[in-house]
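Chains as they are written, first to last, in this note's numbering: chain H, -14 to 484; chain E, 83 to 224.
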């Protein structure tokens, strides 16, 4: 047996949350389509069949009845003509025996004569031998001719055709089973009915199939649209955070350097001009302040890096060389931790061009993250493939502690970090994300807790032309003009369209 | 006596402190708080080294840089800013700045740049003495 849930389309259980992007009740839509199409397609079919059914039945009944009466009338006319000279009752009997000695009577052809009292003159299949008084009510056969429905003594429904013989009190009766007539039209009709049912089934199935196909397509495109929207929202949010970050970083740098210089002056006063009796604690304290200033400086620089949208210098880049350059930087750290670095042969990618420093930064950030995630031991793999024309796919995988699925959506946001040491500013992946988007690429992440994480980068072989050559930035609430301009989405789209 | 240095920055606390620190290192440093005053000072009392902030009210650092390079191409100019981007750096270097620093700056790196600039000025002076002419521009070539 086919498991039913396999046949169930995806959209069937798709939650229709009001206020979601979709606003479509796909299940209801499917039902509507099936109902309307089925009604439109099937109702003419059913109505036509029913009309045809009753018409055929009436035609066949009428024809049969007319045929029976005509034959009765013919026989009656013959009998009537022959009886003109003889006394009707005995004459009729004799005539009957003489004229129809081999009368083939049967269940469906029970022909006999009776008089107006209900007495049989000739034998009947249903009502016994002649001269007997029957249960037949002679009153039923009033009038010149007609057809009536009666019941035989054994309960069989019968159709009785009769005609009175002119000039006598005799009636010629023909009995046949009522069912026989029905058999005539019902059997072929029933076959037709089966055919109808089968076609209705087929039509319903195909309508349901079509509806499922269509609604699935709607469902799929709807889901893609929602995903694209989310992506866009995410990118926009990152971009505005970046703008804010660069504004903050710039504004903080000035007072930060006042602290820097003032503290430097204190140190100068203590060291250059040997003062009489300085407190021994002053110098280390001032140096601590300087150290803190340096850290702040690192953070503001990272923030500016993240928000950096200046014109990157697109040049032909040898991917293998970049990777080995990055690995050279990480080698010592990896060796200390007993981490194996595995780089399968890098395919030659003709015409690959991008901003070299961005690419180095991307590899460095991802590889550093991987090494941090692995801790003491593990394997870092950087695999470059050229799967899709026009795109390079890079997989950076580690065997580290992984990222819990609830944290996955947040990892590209600035200041998201799990590191507790002071250098983990939480900007590495945000910067990486920004750089990749700037190159016109995309990054995805797959992770399993305690198994490892894999970042999958897709970069275009030809990077899009960099934007904003003038590098002007309008920062919120500030008159600053000296900075790089973030690429707004329209510009970006135009650029991609051109490239 | 060391080089004569003019510091230009609208952050008065910053520029005065830095000037004091440089003086403590035997450099003849003095400060200006905006572009026009700085140009005035360059005219009346030309320094050998000029340290400018990029973002200042009124006249910004780039304008000061351009004008000084026109009138006094021999002066070595160091940019020290809290607002710069890589593009700014490239622009300034193309306009003839000899060094570019992002705030907060490490005093030792700044002093190293000052000394280097001073060396350049002195060798220029010697050339001038020898060939009796000024170098046409001090433009920086990447």
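Where is the CB? At the ideal position from N, CA and C, for every residue including glycine.
On a predicted model such as this, the values are computed, not experimentally measured, just so you know.
query: Would you please verify whether the beta carbon of residue 249/H is less than 8 Å from any beta carbon of chain E?; result: yes
query: Buried or exposed: which applies to residue 239/H, given that a residue is buried once 16 or more other Cβ atoms fall within 10 Å of its Cβ?; result: buried
query: Between residue 123/E and residue 88/E, what straight-line distance do the alpha-carbon atoms span, to the nearest angstrom?; result: 8 Å
query: Going along the chain, which residues of its own chain have a beta-carbon closer than 6 Å to the beta-carbon of residue 368/H, five neighbours each way excluded?; result: 329 and 380
query: How is residue 346/H classed by DSSP in three states: helix, strand or coil?; result: helix
query: For a test of the three-state rule: what should DSSP assign to residue 198/H, helix, strand or coil?; result: helix
query: Tell me, to the nearest whole angstrom, how far the beta carbon of residue 130/E is from that of residue 86/E; I am working on the premise that it is less than 8 Å.; result: 5 Å
query: Where residue 262/H and residue 119/E are concerned, what is the direct C-alpha to C-alpha distance, given to the nearest angstrom?; result: 40 Å
query: First and last residue of the alpha helix (DSSP H) that includes residue 65/H?; result: 11 to 67
query: So which residues on chain H does residue 103/E lean against when the C-beta distance must stay under 8 Å?; result: 246, 249, 250 and 253
query: Specify the secondary structure class of residue 381/H as computed by DSSP and reduced to three states.; result: strand
query: Hey, how far is the Cα of residue 253/H from the Cα of residue 111/E?; result: 16 Å
query: Check each candidate in 335/H, 365/H, 265/H and 437/H and name the one with the smallest Cα separation from residue 393/H.; result: 437/H
query: Within 10 Å of its beta-carbon, does residue 149/H have 16 or more other beta-carbons around it, so buried, or fewer, so exposed?; result: buried
query: Can you give me the start and stop residues for the alpha helix (DSSP H) that residue 445/H sits inside?; result: First-last for residue 445/H: 437 to 445, but that is the beta strand (DSSP E), not the alpha helix (DSSP H).
query: Tell me which residues share the same chain as residue 100/E and place their Cβ nearer than 7 Å to its Cβ, disregarding the 5 neighbours each side in the sequence.; result: 89
query: Looking at the unbroken alpha helix (DSSP H) that takes in residue 418/H, where does it start and where does it end?; result: 413 to 423
query: With a threshold of 16 other CB atoms inside 10 Å of the CB of residue 343/H, please say whether the residue is buried or exposed.; result: buried
query: How about residue 288/H: is its C-beta nearer than 8 Å to some C-beta of chain E?; result: no
query: Give, in chain order, every unbroken run of the alpha helix (DSSP H) that is at least 4 residues long and sits entirely within the region 111 to 194 of chain E.; result: 117 to 126, 143 to 153 and 168 to 176
query: Closer than 8 Å, Cβ to Cβ, to anything on chain E: give me those residues from the region 269 to 289 of chain H, in chain order.; result: 278, 279, 281, 282, 286 and 289
query: Look at residue 347/H and residue 420/H and say whether their C-beta atoms are less than 8 Å apart.; result: yes
query: On the CB-based measure, 16 or more other CB atoms within 10 Å of its CB, does residue 397/H come out buried or exposed?; result: buried
query: For the region 106 to 125 of chain E, which residues have a CB atom closer than 9 Å to at least one CB atom of chain H, in sequence order?; result: 106 and 107
query: Using 8 Å as the limit for Cβ to Cβ distance, is residue 350/H near chain E?; result: no
query: Taking C-beta to C-beta, are residue 106/H and residue 40/H nearer than 8 Å?; result: no
query: Evaluate residue 151/E with the Cβ neighbour count: other Cβ atoms within 10 Å of its Cβ, from every protein chain shown; 16 or more gives buried, anything less gives exposed.; result: buried
query: Helix, strand or coil for residue 142/H per DSSP?; result: strand
query: Distance check for residue 201/H and residue 284/H, CA to CA, integer angstroms please.; result: 49 Å
query: Identify which residue in 105/E, 139/E, 104/E and 199/E has its Cα closest to the Cα of residue 160/E.; result: 199/E
query: Would the beta-carbon of residue 98/H fall within 8 Å of that of residue 77/H?; result: yes
query: How would you list, in chain order, the residues of chain H whose beta-carbon sits under 8 Å from the beta-carbon of residue 100/E?; result: 246
query: Under 8 Å: do the region 162 to 178 of chain E and the region 231 to 251 of chain H share three or more Cβ pairs, one atom per stretch?; result: yes
query: Could you tell me which residues DSSP puts in a beta bridge with residue 161/H?; result: 144/H
query: Give me, in chain order, the residues of the same chain whose beta-carbon lies closer than 8 Å to that of residue 26/H; leave out the 5 immediate sequence neighbours on both sides.; result: 188 and 192
query: When we look at the beta-carbon of residue 132/E and count the other beta-carbons within 10 Å, is it buried (16 or more) or exposed?; result: buried
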